[in-house]
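Chemist: Would you mind keeping the following structure in view while I ask a few things?
Number of protein chains: 2
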Amino acid sequence: MREGPDISRISSLIGDPARASMLTALMAGKALTASELAREAGVTVQTASSHLGKLERGGLLRLRKQGRHKYFSLAGDDVAHVLEALMGLAADAGHLRTRPGPKNAALREARVCYNHLAGDMGTRLFDSMMARQFLSQPGDDLTLSPGGVRFVREFGIDLDALAANRAPLCRECLDWSERRSHLAGSLGRALLHRIEELGWARRDRETRAVLFTPRGRNGFEELIAAP
Amino acid sequence: MREGPDISRISSLIGDPARASMLTALMAGKALTASELAREAGVTVQTASSHLGKLERGGLLRLRKQGRHKYFSLAGDDVAHVLEALMGLAADAGHLRTRPGPKNAALREARVCYNHLAGDMGTRLFDSMMARQFLSQPGDDLTLSPGGVRFVREFGIDLDALAANRAPLCRECLDWSERRSHLAGSLGRALLHRIEELGWARRDRETRAVLFTPRGRNGFEELIAAP
DNA sequence: CTCATGGTTCGACGCTAACCGAAGCATTAC
DNA sequence: GTAATGCTTCGGTTAGCGTCGAACCATGAG
Chain P
1 MREGPDISRI SSLIGDPARA SMLTALMAGK ALTASELARE AGVTVQTASS HLGKLERGGL
61 LRLRKQGRHK YFSLAGDDVA HVLEALMGLA ADAGHLRTRP GPKNAALREA RVCYNHLAGD
121 MGTRLFDSMM ARQFLSQPGD DLTLSPGGVR FVREFGIDLD ALAANRAPLC RECLDWSERR
181 SHLAGSLGRA LLHRIEELGW ARRDRETRAV LFTPRGRNGF EELIAAP
Chain R
1 MREGPDISRI SSLIGDPARA SMLTALMAGK ALTASELARE AGVTVQTASS HLGKLERGGL
61 LRLRKQGRHK YFSLAGDDVA HVLEALMGLA ADAGHLRTRP GPKNAALREA RVCYNHLAGD
121 MGTRLFDSMM ARQFLSQPGD DLTLSPGGVR FVREFGIDLD ALAANRAPLC RECLDWSERR
181 SHLAGSLGRA LLHRIEELGW ARRDRETRAV LFTPRGRNGF EELIAAP
């Protein structure tokens, strides 16, 4: 017996065809629900549930509960790295691109999620705030940094009024089109409200789309640009 | 159902404990016979024969017949790379097969990763070469800069002979203990070979450890010191 | 409240694959 | 030649795991 980490445990997890299909699907970087992964793997939801439990316990997947949905994503870059290396070895057929299923371009760009901004512009705002360290995520919860407080105040939001509310200020929310995080919570709602207040955008009556004016688009891009 | 490279086939091969032990043993870079690998895995020779057949048919092992012996070795750098990456994941989960001991310390400092230098000294060599811009990473691939060419030549390596080989010259390999990059590819192999040639170090018979002499250690530190 | 939906647990079935004993080749040693 | 060593093939046993149907729990909608 040689020394070294136990490879077989992890590898046997990836070694099942159904689980491999799930992991491959998650390589696109977007979180998927248990049902979607079941369909992806061609098994029933019961079977998928068993597989997903093993993958999560094995440390390959990260789980985020949201309502009655469970969103799974790869646990980290190192997992993706292993999968990529395995695909290189298995270089039989060329790999396949994913179809995101675009319904409405405007909806994917910007839309309302309950009461906050979602879609591409929502995730970009979130990413920008994370990159500038306006938000930090020490544990499971999001908190606003001092720099973030300044940023939000300068945008014209009354933070004290929000803090008085007992609803959580910052919450992370997963996108159905982008499958990436954006900002929810009372701050997320306030941000969208302020965007409408400034005349940057208005909500469509029929759909959940958020329609930006040219001027609003410029303002938004300026807002999320690095300092 | 998503088509793609069949990572489950390869991964299920690695996923068996006996086969994983064999592959781990072969990470030392030495070719081993079927009987030795059987002992390594703790199974009878019949069972090992079956496993080795599968591994060879699966493209993970290369076979060299010599008399009545069969020498097995890893099929290539890409296989070693996958195994190393898997060890990184497994070590992360804290499922080490053997508890850390004195032998383990030597392994962390310097060991063989298939045919090149890994461990602390491997990553330090890599870092030093990156810092002096001997290696550049424009896209995904590593390339040797003119300064790097000079450095390697002065160390006594015949670069032209390496370039004649169609195997990639520089490759990045991720360490399971350091979780940082070190140099693989034909250049990585040549560097380790030169280190042994100079009498700076020798490989341990039993483990993957690379044991440096005091003189070799001095030479190595001088080599990676900034100009 | 009731209904619908997403996900889990349980039990049973069936298939696969790892394992070893014994016998069979093949090659080298004497 | 015979003996010994290295490895493979064959049969048969066993254990594990993937799979699905059915029932169950939890959340959200109306």
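Chains P and R, in that order, give the protein sequences. Okay, so the first sequence: first residue is 1 according to full-length UniProt numbering, each after it adds one. Okay, so the second sequence: first residue is 1 according to full-length UniProt numbering, each after it adds one. Glycine included, every Cβ here is placed at the ideal spot set by N, Cα and C. Keep in mind the model is a prediction, meaning the values are calculated, not measured.
(1) If you draw a straight line from the C-alpha of L61 (chain R) to the C-alpha of D77 (chain P), how long is it?
(2) Restricting to runs no shorter than 3 residues, where is the beta strand (DSSP E) found entirely within the stretch 133–204 of chain R?
(3) For N213 (chain R), count the other beta carbons within 10 Å of its own beta carbon; 16 or more makes it buried, fewer makes it exposed. Which is it?
(4) Shortest alpha-carbon distance to H81 (chain R) belongs to which of R:V210, R:R194, R:G188, R:R205?
(5) Please list, in chain order, the residues of the stretch 66–87 of chain P that have any C-beta partner in chain R closer than 8 Å.
(6) From G121 (chain R) to V112 (chain R), what does the alpha carbon distance come to, in whole angstroms?
(7) Give a yes or no on whether the C-beta atoms belonging to H69 (chain R) and A18 (chain R) are separated by under 8 Å.
(8) I want to see whether chain P comes within less than 8 Å of T24 (chain R), judged by CB atoms only; does it?
(9) Assuming I7 (chain R) and T24 (chain P) are in contact, meaning their beta carbons sit under 8 Å apart, how far apart are those beta carbons, in whole angstroms?
(10) Report yes if the CB atom of M22 (chain R) is closer than 8 Å to the CB atom of L83 (chain R), and no otherwise.
(11) Please report the residue range of the alpha helix (DSSP H) in which A48 (chain P) lies.
(12) Could you check if K65 (chain P) is buried or exposed, using at least 16 other CB atoms within 10 Å of its CB as the buried criterion?
(13) Give me the Cβ distance between P190 (chain P) and I157 (chain P), rounded to the nearest whole Å; I'm assuming they're in contact under 8 Å.
(14) Taking the straight line between their C-alpha atoms, what separation do you get for T33 (chain R) and G42 (chain P)?
(15) How would you label R57 (chain R), buried or exposed, when you count the other beta carbons within 10 angstroms and need 16 or more for buried?
(16) Can you find a C-beta in chain P that's less than 8 Å from the C-beta of G15 (chain R)?
(17) So I10 (chain R) contacts chain P; which residues on that side make the cut at Cβ distance below 7 Å?
(18) Taking only three categories from DSSP, how would you classify L60 (chain P)?
(19) Could you check where the alpha helix (DSSP H) with A18 (chain R) kicks off and where it finishes?
(20) Check each candidate in P:L135, P:G15, P:F220, P:E154 and name the one with the smallest Cα separation from S145 (chain P).
(21) Should A90 (chain R) be labelled buried (16 or more other beta-carbon atoms within 10 Å of its own) or exposed?
(22) In chain P, which residues lie less than 9 Å from A20 (chain R) when you measure between Cβ atoms?
(23) Can you find a heavy atom of the ligand SAH that lies under 7 Å from the Cβ of E109 (chain R)?
(24) Assuming Q208 (chain R) is part of the beta strand (DSSP E), what are its boundary residues?
(25) Cα-Cα, which of P:L192, P:H116, P:R208 is closest to G216 (chain P)?
(26) Going straight from the alpha carbon of K162 (chain R) to that of R153 (chain R), what length do you get?
(27) Could you tell me the alpha carbon to alpha carbon distance between L117 (chain P) and L211 (chain P), rounded to whole angstroms?
(28) Mind checking T143 (chain R): buried by the 16 CB within 10 Å criterion, or exposed?
(29) Can you grab the Cα-Cα spacing for the pair S186 (chain R) / D16 (chain P), in whole Å?
(30) If you measure between the beta carbons of A75 (chain R) and G59 (chain R), is that distance less than 8 Å?
(31) Helix, strand or coil for T33 (chain R), going by three-state DSSP, please let me know.
(32) Alpha carbon to alpha carbon, what distance is there between A31 (chain R) and R208 (chain R)?
(33) Output needed for A106 (chain R): all residues of its chain with C-beta closer than 8 Å, excluding positions within five of it in sequence on either side, in chain order.
(34) Quick check: the Cα distance between F220 (chain R) and L55 (chain P), rounded to an integer number of angstroms?
Modeler: So, to answer that:
(1) So the alpha carbons of these two residues sit roughly 27 Å apart.
(2) Listed in chain order, they are 171–174, 181–184, 201–203.
(3) A small correction: the amino acid at residue 213 (chain R) is Thr; Asn does not occupy that position in the sequence shown. The residue in question, T213 (chain R), is exposed, as its Cβ has fewer than 16 Cβ neighbours within 10 Å.
(4) Nearest C-alpha to H81 (chain R): R:G188.
(5) Those would be D78, V79, H81, V82, L83, A85, L86, M87, in chain order.
(6) Here the sequence assigns Met to residue 121 (chain R), which means Gly is not the residue at that position. Distance between the alpha carbons of M121 (chain R) and V112 (chain R) is about 11 Å.
(7) Going by C-beta atoms, H69 (chain R) is not nearer than 8 Å to A18 (chain R).
(8) With respect to chain P, the C-beta atom of T24 (chain R) has a partner C-beta closer than 8 Å.
(9) The distance from the Cβ of I7 (chain R) to that of T24 (chain P) is about 7 Å, consistent with a contact at the 8 Å cut-off.
(10) For M22 (chain R) and L83 (chain R), no; Cβs fall outside 8 Å.
(11) Run containing A48 (chain P): 45–57, per the alpha helix (DSSP H) assignment.
(12) K65 (chain P) should be labelled exposed.
(13) Note that residue 190 (chain P) corresponds to Ala in the displayed sequence, not to Pro. Under the criterion of beta carbons closer than 8 Å, A190 (chain P) and I157 (chain P) qualify as touching, at roughly 5 Å.
(14) In a straight line, the C-alpha of T33 (chain R) is about 41 Å away from that of G42 (chain P).
(15) By the 10 Å Cβ count, R57 (chain R) comes out exposed.
(16) It does: the Cβ of G15 (chain R) has a partner Cβ on chain P nearer than 8 Å.
(17) Near I10 (chain R) (Cβ distances below 7 Å), the residues of chain P are L86, L89, A90.
(18) Coil at L60 (chain P), not helix or strand.
(19) From DSSP, the alpha helix (DSSP H) with A18 (chain R) extends over 17–26.
(20) It is P:L135.
(21) When all chains shown are included, A90 (chain R) counts as buried.
(22) Within 9 Å of the CB of A20 (chain R), the CB atoms of chain P belong to D6, I7, S8, R9, S11, S12, in sequence order along the chain.
(23) Inclusion of the ligand SAH in the displayed structure is not the case, the ligand content being empty and no account of it being possible.
(24) The sequence as given places Arg at residue 208 (chain R); Gln does not occur at that position. For R208 (chain R), no beta strand (DSSP E) segment is defined, and its DSSP state is neither H nor E.
(25) Nearest option by C-alpha distance: P:L192.
(26) In the sequence as presented, Lys is not what sits at residue 162 (chain R); that position holds Leu. In this structure, the alpha-carbon of L162 (chain R) lies about 12 Å from that of R153 (chain R).
(27) Approximately 11 Å, taken between the alpha carbons.
(28) T143 (chain R) is classed as exposed because its beta carbon has fewer than 16 other beta carbons within 10 Å across all chains shown.
(29) Using only the alpha carbons, I get a separation of about 33 Å.
(30) Using a Cβ distance threshold of 8 Å, A75 (chain R) and G59 (chain R) count as a contacting pair.
(31) If DSSP states are grouped into helix, strand and coil, T33 (chain R) belongs with the strands.
(32) Cα to Cα, the separation comes out at about 13 Å.
(33) Excluding sequence neighbours, A106 (chain R) sits near D204, T207, A209, L211.
(34) Distance between the alpha carbons of F220 (chain R) and L55 (chain P) is about 42 Å.
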